[in-house]
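Just so you know, the protein sequences line up as chains E and X, in that order.
Each residue of the first sequence is one higher than the last, beginning at 1 in my numbering.
Each residue of the second sequence is one higher than the last, beginning at 1 in my numbering.
Ideal Cβ positions, reconstructed from N, Cα and C, are used throughout, including at glycine.
Protein chains: 2
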Amino acid sequence: MTFIQDQVRNIAQKAKKASRIIGALSTEKKNKALLRMSEALITNANQLKEENRKDIALAQKNGLSSALIDRLTLTDKIIKEMASGLKEIAILPDPVGEITGMWRRPNNLLVGKMRIPLGVIGIIYESRPNVTVDAAGLCLKSGNSVILRGGSEAFHSNLFLAELLQNEAEKEGIPREAISFIPITDREAIYALLQLEELVDVIIPRGGEELIRAVVEKSKIPVIKHYKGNCHIFIDSTADLKMTEKIVLNAKCQRPGVCNAVETLLVHREIAPQILPPLIAQLQKNGVEIRGCPKTLSLVPGIKEATEADWYTEYLALILAVKVVQNIEEAIDHIETYGSQHTEAIITQSYENSQKFLKEVNSSTVLVNASTRFSDGFQLGLGAEVGISTTKLHAFGPMGLKELTTTKFIVLGEGQIRE
Amino acid sequence: MTFIQDQVRNIAQKAKKASRIIGALSTEKKNKALLRMSEALITNANQLKEENRKDIALAQKNGLSSALIDRLTLTDKIIKEMASGLKEIAILPDPVGEITGMWRRPNNLLVGKMRIPLGVIGIIYESRPNVTVDAAGLCLKSGNSVILRGGSEAFHSNLFLAELLQNEAEKEGIPREAISFIPITDREAIYALLQLEELVDVIIPRGGEELIRAVVEKSKIPVIKHYKGNCHIFIDSTADLKMTEKIVLNAKCQRPGVCNAVETLLVHREIAPQILPPLIAQLQKNGVEIRGCPKTLSLVPGIKEATEADWYTEYLALILAVKVVQNIEEAIDHIETYGSQHTEAIITQSYENSQKFLKEVNSSTVLVNASTRFSDGFQLGLGAEVGISTTKLHAFGPMGLKELTTTKFIVLGEGQIRE
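Dropping the structure here:
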């Protein structure tokens, strides 16, 4: 065992031990700790910004992109948001201990399912230091130990935040190790963590596709993952024109860099001549570059032609691919072939097609007459968002606190045996 | 790409294509196909037994153990059980399409969760040919394509069964590829399958611990797994003596070779002098070998002393480890340290301790005053058993049809956009 493997195993063993304590904590105690942490963030904001400046200086020295430095930077506004995020988690209902169902068997056994924490959750993330606070808060509330491994660019900020949270937890009698931080920037630390199947229950990587693929490749531990969001809107032949324009502009332009922004528009051929020229003009006015299929080009001359690669692409930018389709079947086929199972919407006034789309499109969020931007834990009413899963196991789509738990069977008997 | 990799990818691609069709099938059609298959098993029993005899002859030639040959052998009784198993699956409610919850958001969006199939399920199993039929039936009912890869020992039986099921499916207009079979006995076929993350949604290995560990090691696809069942019964100081004897004998002796049989008995020191001598005598009369801690030895002389390794062991045989503990806390600590998160029971008349045990023991099934043998999908009322998961993600404990599904978010709007 290398020195790093030994260190990481040591951290995970302590986190597992702490998970028994945190898993049995009262809601009251957990909420008190969350409120303490929230206050401490505000009172220590200046020191935090000082640590953050060390990361920024290093990032500038290393020539990191301005987008990356932007994500790294902790302003007073972001610190306040982190603090109020913790307060909001304190208000959410505690998922632990909930009985999700109970039934009596013919032999009089009473069988139920009880919600319990997953145990130990490993979070591997990149440059945003606020993930340290969000993840620790959500794991605490759901009774899980967390092992945090942030990106090296944010090392000073993350370390300061983790220690601050640990100190406040300790004041409420919660073991520091329930919020564990791996202070090793070497990638070997990640690989060492991913081997510890008997100590860690789940890994949630948050970052770019490359990081996530590397984690999946190496992990013996189950991974909840999210590769990309290649989201579609299908404009059906009966779509309301004003509603369509409003939804498409919102889905593309309101925040183009996020995973639930629309990337491809599929347009029913019957409505295309009527809707595409004004809609594309409107999009272009908002700075959107259009890449169209040949039919789109014939309706709106002068735009760029889409290549096969465009249909697969998550632009995360003000670019939109547009394709004219024969009917709803072709739209669904296109989504099946090129999509990422993230989020798709239909705009229609047809009851039949709304039902068909809801039933046959098996992406994690399927919408009728609403913007793809609603595919988000807060917007859907989960109260919090741990991340979005685009694989179907355990959780599919935006994840809230409940998705950080599992259920066990409980059985109440009076001496029953099996015949 | 090797020839085998190419073959396996080809099979998986077709299974994925078929999964869209089978996922949208009506319950009626699926049930009809299940009943057809059930009948065909009975009418083709002789031919099936002929194919089975080829496997048995080969197994004998290769010197396989009699236990293994026993598991391999298809008798008329087993064939009838397979057939009636399919009928029972037909009667179960269809999980697909169920709305598990629906709520309205402040902006008037109606948000719900709809149950959908997982998609494509890979089942990797060893010598029992009945898994071919069970797994195919359960996957069909839950709207999933299945890719079956059975053990080489059962090759002729499995191939015949798979073709029989495919033929009957086809008669109901279901694509044959919804029940896919990998006819390649080389292990490379398994490893090739485990790489196909974009085609297969989950892998369920069924077999010995060695097989399962190899699958977890190699798989890029999420694995639902079950390593072992090191199950405990804690006899509390207030346990009823007659009930204790009845439950312990049932849990150890009724079927010692299965994962929910008890392997370690923990006995409160206050009740040990009274209960252990008669209980151990009773167990010994039933052929059980006892391995005891020093205190047990002092109460019942002449039995074998347990080693540290015994506390970790899943005997799957008529052997029972016995330990005297100070109190319920020590019992829970012991389970935490040596257990496998499978199934644990407490025998007690204390309300307080029953609640403590139910709350603090986080194994997949936790029982009060009932035999560990109830940890089983049928016994708990799930209607079927796909397997038992001892990892917490997606499913924990016995799995029924619902555990072969996931949920997507559906959102019904009227033009809402995100502010």
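For residue i, which residues of its own chain have a beta-carbon under 7 angstroms away from its beta-carbon, when the five flanking residues on both sides are left out?
i, result
"X/Pro183", "Leu159"
"E/Ile271", "Ile235, Ser237 and Ala239"
"E/Glu209", "Tyr227 and Lys228"
"E/Pro95", "Arg115, Ser142, Leu401, Lys402 and Thr405"
"X/Tyr315", "Glu263"
Use the C-beta contact count for residue i: other C-beta atoms within 10 angstroms, 16 or more gives buried, fewer gives exposed.
i, result
"X/Lys77", "exposed"
"E/Tyr351", "exposed"
"E/Arg269", "exposed"
"X/Ser84", "exposed"
"E/Gln261", "What sits at residue 261 of chain E in the sequence shown is Ala, not Gln. Classification for E/Ala261: buried."
"X/Ile91", "exposed"
"E/Pro117", "buried"
"E/Ile99", "exposed"
"E/Phe378", "exposed"
"E/Pro277", "exposed"
"E/Asp6", "exposed"
"E/Gln341", "buried"
What residues in its chain sit with their C-beta under 6 angstroms from that of residue i, if we drop five residues either side in the sequence?
i, result
"X/Thr307", "none"
"E/Thr264", "His232 and Ala321"
"E/Arg255", "none"
"E/Tyr312", "Tyr338"
"X/Ala15", "Val120, Ser145, Ile147, Glu177 and Ser180"
"X/Cys259", "Gly229"
"E/Ser375", "Asn260, Thr343 and Thr365"
"E/Ile193", "The sequence given here places Leu at residue 193 of chain E; Ile does not occur at that position. Excluding positions up to five away in sequence, the list reads Val8 and Gly122."
"X/Cys139", "Ile121 and Val146"
"E/Ala317", "Pro256"
Using the DSSP secondary-structure output, state which residues sit across from residue i in a beta bridge.
i, result
"X/Ser103", "Checking the sequence shown, residue 103 of chain X turns out to be Trp, not Ser. Bridge partners of X/Trp103: X/Val111."
"X/Pro398", "X/Ile388"
"X/Ser180", "X/Ile147"
"X/Lys304", "X/Arg291"
"E/Ala345", "E/Ile233 and E/Leu367"
"X/Arg20", "Beta-bridge pairing links X/Arg20 to no other residue."
"E/Leu265", "E/Ile233 and E/Val322"
"X/Val223", "X/Ile203"
"E/Ile116", "E/Thr406"
Please report the residue range of the beta strand (DSSP E) in which residue i lies.
i, result
"E/Lys323", "Ile319 to Val325"
"X/Gly137", "Premise fails: X/Gly137 lies in the alpha helix (DSSP H), Asn130 to Lys141, not in any beta strand (DSSP E)."
"X/Tyr338", "It is not in any beta strand (DSSP E) - X/Tyr338 instead sits in the alpha helix (DSSP H) that spans Ile328 to Tyr338."
"X/Lys408", "Thr405 to Gln416"
"E/Gly122", "Val120 to Tyr125"
"E/Glu203", "It should be noted that the sequence gives Ile, not Glu, for residue 203 of chain E. Note, E/Ile203: beta strand (DSSP E), Val202 to Arg206."
Quick one: residues in its chain with C-beta nearer than 8 angstroms to the C-beta of residue i, no 5 flanking neighbours on either side, listed in chain order?
i, result
"X/Glu88", "Gly383 and Ala384"
"E/Leu283", "Val248, Leu249, Lys252, Cys253, Ile290 and Leu320"
"X/Leu297", "Ile303 and Glu305"
"X/Lys222", "Sequence inspection shows Pro at residue 222 of chain X; the Lys mentioned does not correspond to that position. Counting only Cβ-Cβ distances below 8 angstroms, and skipping sequence neighbours, we find Asp201, Val202, Ile203, Leu393 and His394."
"E/Lys29", "Glu172, Gly173 and Ile174"
"X/Thr211", "The sequence shown places Leu at residue 211 of chain X, rather than the Thr named in the question. Here the set comprises Ile124, Glu126 and Pro205."
"X/Gln60", "Ile69"
"E/Met399", "Ile224, Gly377, Leu382, Glu385, Val386, Gly387, Ile388 and Ser389"
Confirm, please, whether the CB-CB distance from residue j to residue i is below 9 angstroms.
i, j, result
"E/Asn144", "E/Ser19", "yes"
"E/Glu414", "X/Ala239", "no"
"E/Gly63", "E/Tyr125", "no"
"X/Ser66", "X/His226", "no"
"X/Leu279", "X/Phe234", "no"
"E/Thr73", "E/Asn52", "yes"
"E/Ile79", "E/Ala45", "yes"
"X/Glu168", "X/Asn130", "no"
"E/Leu165", "E/Met37", "yes"
"X/Leu422", "X/Gly97", "The question about residue 422 of chain X has no answer here: the residues shown for chain X are numbered 1 through 419."
Go to residue i, then tell me how far its alpha helix (DSSP H) extends in each direction, as first and last residue.
i, result
"E/Gly85", "Asp76 to Ile91"
"X/Val248", "Leu241 to Cys253"
"E/Gln284", "Ala272 to Lys285"
"X/Ser152", "Segment: none, X/Ser152 is in no alpha helix (DSSP H) and carries neither H nor E."
"X/Gln47", "Ala45 to Lys61"
"E/Tyr191", "Glu188 to Leu194"
"X/Asp70", "Ser66 to Leu72"
"X/Phe357", "Tyr351 to Glu360"
Less than 8 angstroms separating the Cβ of residue i from some heavy atom of the ligand NAP?
i, result
"E/Gly400", "The ligand NAP is not among the ligands present in this structure, which contains no ligands whatsoever."
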